[in-house]
Amino acid sequence: MNYILMGPPGAGKGTQAKKIVETFRMVHLSTGDMFRKAKKFDEVISKLLATGQLVPDEIVVNMLKKRLEKDDVRKGFLLDGFPRTLNQAQELDKMLKSENIKIDAVFFIDVHFEEAVKRISGRRVCSCGASYHVNFIPSKVAGICDACRSELVQRNDDKENVVKDRLGVYEKQTKPLVDYYDKAGLLVNIDGSKSEDEVFERIARLMGNV
Ligand code: AP5
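Rendered as structure tokens:
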């Protein structure tokens with residue numbers, strides 16, 4: 004089974020994705036994670052991420068195309084953060100068609116603007132990939148990762164001035180995809196304002212049925 008997780012920045016896509024891929028043994032394809040790794044080597048990508056702008060479609064699509072050609076995706080994958088523009092969605096459709104792969108559902112995790120800002124501004128991450136929230140999902144010792152004991156940091160694009168720009172980019176360029184996937188009969192709405200566990204239970208139950 005193959006799924007897409009959609010939603011505004013801060014909706015909880017990454018948090019849910021980790022639980023879903025562990026539980027259902029799927030491949031997690033997060034374009035954001037891929038770019039955060041690449042930004043260490045690429046100045047252009049680094050600048051785009053830091054200002055909350057989207058990486059050009061051509062770069063994202065080529066990167067994902069190469070990833071989808073690998074054998075491991077055949078056991079099932081979860082796309083997180085892709086597609087993000089209408090053009091990316093259309094390119095994905097072409098890629099999937101040529102590889103004879105289908106998407107089973109698009110889970111749209113939605114939260115209000117204010118909630119998204121609260122979640123993003125309180126997020127702290129670790130280089131090992133773990134993610135926390137200073138109030139909602141705190142680490143046991145403030146500022147220290149539970150898993151590997153390294154120091155937690157704030158993502159560059161989680162600074163207040165960038166967060167609003169990211170949400171603006173989302174509204175303009177990504178939200179129209181809700182309609183696109185609704186028309187395709189794939190959209191499933193998920194109330195992202197619920198607790199981490201409640202959101203996961205809902206998605207997991209749906210994954211058993213879709
Ligand atoms: P990306 O990494 O995809 O970021 P995003 O979509 O902005 O999403 P976030 O990671 O901010 O939020 P999330 O929904 O994963 O929330 P999380 O689970 O962490 O993209 C980053 C950048 O890469 C983009 O800006 C762009 O530049 C580039 N990029 C990526 N893909 C691209 C593409 N396809 N095309 C072009 N450019 C692309 O949760 C947030 C916080 O809330 C955490 O602290 C968490 O602990 C907490 N939390 C989670 N769930 C709950 C809950 N239920 N209740 C309370 N708190 C919660």
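Count along the sequence shown from 1, then add 3; that gives the number in this note's numbering. Each residue gets a CB set at the ideal place from its N, CA and C atoms; glycine is no exception.
Asked	Found
Specify the secondary structure class of K197 as computed by DSSP and reduced to three states.	coil
Can you determine whether any heavy atom of the ligand AP5 sits closer than 6 Å to the C-beta of A207, and answer yes or no?	no
Using the three-state DSSP reduction, which class does N159 fall into: helix, strand or coil?	helix
Are the CB atoms of P11 and Y173 within a distance shorter than 7 Å?	yes
In the DSSP assignment, find the unbroken alpha helix (DSSP H) run with S153 in it and report its ends.	Counting along the chain, S153 falls outside any alpha helix (DSSP H), and DSSP gives it neither H nor E.
Could you give the C-beta distance for V202 and L190, rounded to a whole number, given that I count them as a contact under 8 Å?	With 8 Å as the limit, V202 and L190 do not qualify as a contact, their Cβ atoms being about 16 Å apart.
Which term fits C129, buried or exposed, when burial requires 16 or more other beta carbons within 10 angstroms of its beta carbon?	buried
Just the Cα atoms here: how many angstroms apart are Q93 and F116?	27 Å
With hydrogens ignored, establish whether the beta-carbon of R70 is closer than 6 Å to any heavy atom of the ligand AP5.	no
Three-state secondary structure (DSSP) at A108?	strand
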